[in-house]
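Please read the structure below before turning to the comments.
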Amino acid sequence: MAGPGWLAQPALGWLLSPGVFPWVALVVGLCIGSFLNVVIHRLPKMMEAEWRAECAELAGAPAPATERFNLFVPRSRCPSCGKQISALENVPVLSYLFLKGRCSGCHAKVSLKYPVVELLAGIGSAYCALRFGASLAAIAAAVFIWFTIALAFIDQETGYLPDDLTLPLVWLGLAFNVFGTFAPLQEAVIGAMAGYLSLWLVYWAFRLVTGKEGMGYGDFKMNAAVGALLGWKMLPLVILVSSIVGLFFGVLQMLAARRQWDSNFRFHFGPYLAIAGIVALFWGEPVMRWYLRGT
Ligand SMILES: [Zn+2]
Numbered sequence: 002m003a004g005p006g007w008l009a010q011p012a013l014g015w016l017l018s019p020g021v022f023p024w025v026a027l028v029v030g031l032c033i034g035s036f037l038n039v040v041i042h043r044l045p046k047m048m049e050a051e052w053r054a055e056c057a058e059l060a061g062a063p064a065p066a067t068e069r070f071n072l073f074v075p076r077s078r079c080p081s082c083g084k085q086i087s088a089l090e091n092v093p094v095l096s097y098l099f100l101k102g103r104c105s106g107c108h109a110k111v112s113l114k115y116p117v118v119e120l121l122a123g124i125g126s127a128y129c130a131l132r133f134g135a136s137l138a139a140i141a142a143a144v145f146i147w148f149t150i151a152l153a154f155i156d157q158e159t160g161y162l163p164d165d166l167t168l169p170l171v172w173l174g175l176a177f178n179v180f181g182t183f184a185p186l187q188e189a190v191i192g193a194m195a196g197y198l199s200l201w202l203v204y205w206a207f208r209l210v211t212g213k214e215g216m217g218y219g220d221f222k223m224n225a226a227v228g229a230l231l232g233w234k235m236l237p238l239v240i241l242v243s244s245i246v247g248l249f250f251g252v253l254q255m256l257a258a259r260r261q262w263d264s265n266f267r268f269h270f271g272p273y274l275a276i277a278g279i280v281a282l283f284w285g286e287p288v289m290r291w292y293l294r295g296t
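When we follow the numbering used here, the leftmost residue of the sequence shown carries the number 2, and every step to the right adds one.
Following this line, the structure appears as structure tokens:
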């Protein structure tokens, strides 16, 4: 398969050969995973700081003084002792293994979440390369996986799916399908709308029946992004799989906590949508073909 023009030069072309490309994608994915850890950790804090500043402005108070804090500044530090993490201690997965999961300064335990995020991004990217070859589909699939990893972990930790991630993913899904990468553009546009509306309807039905909010608006936007990338035909499968995965983890959590169903339990739908979206991305078509043949 032909790659982007500038990479198809003979000098770099070997990087795209089927035997090499998945390994290149693995290394790139691991590094992106390292960046995703920063996004997962800092984006919610950045949103909070923004809200505080806006509230202060509305109240007519001076904006709270804060040091510059974004995805790139300041450098990462150990949350326990504040030691700056050097480049050598920041090599994806390997640093964690070499330091045996502890900070080199204070020996505090480093969360297993960091290497897990890096591995998910690395293996996910390598699989995209293996599955789709050096193509736009591989890039689109990898970008989708990176965004959903960040969204799933942020939702799990904070209960939010930031607009800064869900909305760009909707646009990216539509943009990738300008060339019909995963679905014809028409199906992608309808997919974005139907993805949002379907969960919006579930939300209001649940709210009218129980008087509670079952999910948040971020879930609708994330489902819109899934519909934009995969097209509307995949949405029933995505909702089915995310519900099954959600039920499975819900029962597991209940068993682990050995308690009754908590009526105030807030359902974090983001991680399940992420899993269902990735399942549909890779295996949706054979499942749909099998299902349509069976009816
Ligand atoms: Zn430390």
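Glycine residues also receive a C-beta, built at the ideal position from the N, C-alpha and C atoms.
- Inter-segment contact for the segment 146–160 and the segment 59–73 is absent: fewer than three beta-carbon pairs are separated by less than 8 Å.
- A Cβ-Cβ contact shorter than 8 Å links P116 with Y97.
- For K84, the Cβ falls inside the 7 Å cut-off from some heavy atom of ligand 1.
- By the 16-neighbour rule on beta-carbons within 10 angstroms, Y197 is buried.
- With a threshold of 16 other beta carbon atoms within 10 Å, Y273 meets it and is buried.
- Per the DSSP secondary-structure output, Q85 pairs in a beta bridge with R78.
- If you check the C-beta of S96 against ligand 1, you find no heavy atom less than 7 Å away.
- Excluding residues up to 5 positions away in sequence, A151, F154 and I155 lie with their Cβ nearer than 6 Å to the Cβ of I41 in the same chain.
- Nearest C-alpha to L17 among I146, A130 and K222: A130.
- The C-beta distance from T167 to A226 rounds to 6 Å, short enough to fall under 8 Å.
- Contact between the segment 238–247 and the segment 208–218 is absent: fewer than 3 CB-CB pairs across the two stretches fall below 8 Å.
- Of the residues assessed, C56 falls on the exposed side of the cut-off, its CB having fewer than 16 other CB atoms within 10 angstroms.
- Per the DSSP secondary-structure output, R103 pairs in a beta bridge with K110.
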